[in-house]
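Engineer:
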Amino acid sequence: MIPFLDLYSVNARYDNAFQERFKDFLEKGWYILGEEVCAFEKEFAAYCGTQYCIGTANGLDAIRMILEGYKILGKLSEGDGVLVASNTYIATILGIRQAGLTPVFVEAHLGTYNFDFEDLNAKITATAKVIMPTHLYGQLTDMDMVNAFAKANNLLVITDSAQSHGAIASNGKRSGNLADASGFSFYPTKNLGALGDGGAVTTNDQELAEVLLKYRNYGFGKRYVSAYEGINSRLDEVQALFLRLKLKDLDTDNQQRRSIARRYLEGIKNTKIQLPVWDGTDNHVFHLFVIRSKNRDHLQEYLTDNGIGTIVHYPIPPYQQEALKAYNYLSFPVSEEIHRTVLSIPLSPVMNEESVDEVIRVLNKY
């Protein structure tokens, strides 16, 4: 059996180092917002190329907190529109709505799974104040186009970078340093994954960073003195400790992901399967390798029968979810085709050559 993702093997590489560091952590006796979080924030900001990183409890909170922070700063108001991909993960939409803002869904592009820029131009209104691209599956949106569009329409640019840790744009800047602010997730399956939940905001906006450092901790400026009506969303010390160990290998792991992706792209030759579009640059970190098939469910069953694990990312677009009934009337044909046909196949930095060969062999026989 080739599992979709062998998290045990991904993390077992750090077992000895983690246990040593964890012992030191226990002996220090400081378990919330201590040395490990502070050190990780500095290291991840330096990695992304930003001035600031603010650790959060998860990626959803990171998105919500950026929007709440800009509301506190007077740059956003309740009900303002956020231009967002129609095929993003539901957490992006929940973050927008929980911050009291309004998602304005934009059609997806079938090749990149990111914004359809023609539809984006059609969706701009006076109430739209933010553009929020999702770097879905690990591939960067065309941020030159996004930032030009934002400048022309006086929009804030906030990226959902939950799946794109380490991706590099054509200008040499990394994901997390391509917008006014970015939200990351460190959910265990991510390219930089923790042992539980975790997230972060990266930004070069000093005012926003100062607000969020308070907002994530009950709004405290000084201990027990709230400057804002904040929330409790703090990156855990243990997760920060583990993330620091893994951050050092992120670029190497991403290169291994690209190497496997190249083998898939070169080796899978089946007219029943559509492969992802990639220009071969470092703008993609292949958090997921997503194929498409008109007979997706049959293909998934076939792969299961042949010992290959798969997952659908994602079966239902956010605007069709029961939780978001107010948007169920919307229709985005391309987005719906994506959700109906996509299938993620195994790809991780610990996959061996034999497993990659087997996935290719089985897919070519379909």
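Read left to right, the sequence shown gives residues 71 to 436 (our numbering). Glycine included, every Cβ here is placed at the ideal spot set by N, Cα and C. The model shown is predicted, which means the values in this text are computed figures rather than measured ones.
1) Kindly indicate the opening and closing residues of the beta strand (DSSP E) around Arg362.
2) Going by DSSP, what residues sit across from Asn302 in a beta bridge?
3) What's the gap between the Cα of Asn340 and the Cα of Val360?
4) Look at the alpha carbon of Glu336 and the alpha carbon of Asn434, and state the distance between them as a whole number of angstroms.
5) If you reduce the DSSP assignment to three classes, tell me which class Val174 lands in.
6) Classify Val200 as buried or exposed, calling it buried when 16 or more other Cβ atoms lie within 10 Å of its own Cβ.
7) Should Glu371 be labelled buried (16 or more other beta-carbon atoms within 10 Å of its own) or exposed?
8) To the nearest angstrom, how far is it from the Cα of Asp189 to the Cα of Thr158?
9) Any contact between the stretch 271-278 and the stretch 120-138? By contact I mean 3 or more CB pairs, one from each, below 8 Å.
10) Could you give the uninterrupted runs of the beta strand (DSSP E) lying entirely in the stretch 137-185, keeping only those of 3 residues or more?
11) Tell me which residues share the same chain as Asp76 and place their Cβ nearer than 7 Å to its Cβ, disregarding the 5 neighbours each side in the sequence.
12) Under DSSP, the beta strand (DSSP E) around Thr273 begins and ends at which residues?
13) Three-state secondary structure (DSSP) at Leu345?
14) Please determine whether the Cβ atom of Gly236 lies at a distance below 8 Å from any heavy atom of the ligand MG.
15) In the DSSP assignment, the beta strand (DSSP E) including Gly253 goes from what residue to what residue?
16) Write down the C-beta distance between Glu106 and Leu248 rounded to the nearest angstrom, noting that I regard them as a contact closer than 8 Å.
17) Looking only at its chain, what residues have a beta carbon closer than 7 Å to the beta carbon of Glu113, apart from the 5 residues adjacent to it on each side?
18) Closest to Arg83 by C-alpha separation, out of Lys395, Leu320, Ala115, Ser405, would be which residue?
19) Go through its chain and collect everything with a Cβ distance to Ala115's Cβ below 8 Å, but skip five positions before and after it.
20) Going by beta carbon distance, what residues of the same chain come within less than 7 Å of Ser405, once the five residues before and after it are set aside?
21) Would you mind stating whether Pro258 and Gly269 have Cβ atoms separated by less than 9 Å?
22) If you draw a straight line from the alpha carbon of Glu407 to that of Leu180, how long is it in whole angstroms?
23) Quick check on the burial criterion: 16 or more other C-beta atoms within 10 angstroms. Buried or exposed for Arg328?
24) Would Phe92 be called buried (16 or more neighbouring beta carbons within 10 Å of its own) or exposed?
25) Inspect the beta-carbon positions of Met215 and Ile133 and report whether they are closer than 9 Å.
26) Classify Ser245: buried if its beta carbon has 16 or more other beta carbons within 10 angstroms, exposed otherwise.
27) Using the Cα positions of Thr322 and Ile378, report the straight-line distance between them to the nearest angstrom.
28) From Asp131, Lys98, Phe356, Ile338, pick the residue whose C-alpha is nearest to that of Asn261; which is it?
29) Starting from Val227, follow its DSSP beta bridges and name the residues at the other end.
30) Thinking just about the alpha-carbon of each residue, which of Leu103, Leu153, Phe110 is nearest to the one in Arg286?
31) Alpha helix (DSSP H) containing Ser329: first to last residue?
Structural biologist: Reading from the atomic positions:
1) Looking at the DSSP string, the run of the beta strand (DSSP E) that includes Arg362 is 359-362.
2) Beta-bridge pairing links Asn302 to Asn287.
3) One alpha carbon belongs to Asn340, the other to Val360, and they sit about 15 Å apart.
4) C-alpha of Glu336 to C-alpha of Asn434: approximately 12 Å in a straight line.
5) In the structure shown, the three-state DSSP call for Val174 is strand.
6) Buried, by the Cβ-count rule.
7) Result: exposed.
8) Each residue's alpha carbon lies about 15 Å from the other.
9) Judged by pairs of C-beta atoms under 8 Å, the stretch 271-278 touches the stretch 120-138, as three or more such pairs exist.
10) Runs of the beta strand (DSSP E) lying entirely within the stretch 137-185 and spanning at least 3 residues, in chain order: 151-155, 172-176.
11) Sequence-distant partners of Asp76 (beyond 5 residues in either direction) whose C-beta falls short of 7 Å from its own C-beta, in its chain, are Ser418, Val420.
12) Its beta strand (DSSP E) spans residues 269-273.
13) In the displayed model, Leu345 falls within coil according to three-state DSSP, outside both helix and strand.
14) What this structure holds is no ligand at all, so the ligand MG is not there to describe.
15) Element bounds for Gly253: 251-255.
16) That belief does not hold up - the Cβ atoms of Glu106 and Leu248 are roughly 27 Å apart, past 8 Å.
17) Here the set comprises Arg314, Leu317.
18) Considering only Lys395, Leu320, Ala115, Ser405, the residue with the shortest C-alpha distance to Arg83 is Leu320.
19) Here Ala115 has Gln121, Tyr122, Cys123, Thr272 as same chain residues with Cβ atoms under 8 Å from its own Cβ, once five neighbours each way along the sequence are excluded.
20) Within the same chain, Ser405 has close Cβ partners Ser156, Asn157, Glu177, Ala178, Pro387.
21) No, they are not a contact pair.
22) Distance from the CA of Glu407 to the CA of Leu180, rounded to the nearest whole angstrom, comes to 8 Å.
23) The residue in question, Arg328, is buried, as its Cβ has 16 or more Cβ neighbours within 10 Å.
24) With fewer than 16 other beta carbons inside 10 angstroms of its own, Phe92 counts as exposed.
25) No, Cβ-Cβ distance for Met215 and Ile133 is not below 9 Å.
26) Answer is buried; the Cβ neighbour count reaches 16.
27) Thr322 and Ile378 have their alpha carbons spaced roughly 25 Å apart.
28) Relative to Asn261, the option among Asp131, Lys98, Phe356, Ile338 whose CA is nearest is Phe356.
29) Partner residues in the beta bridge of Val227, as assigned by DSSP, are Ile201.
30) Measuring from the Cα of Arg286, the nearest candidate turns out to be Leu103.
31) For Ser329, the uninterrupted alpha helix (DSSP H) segment begins and ends at 320-337.
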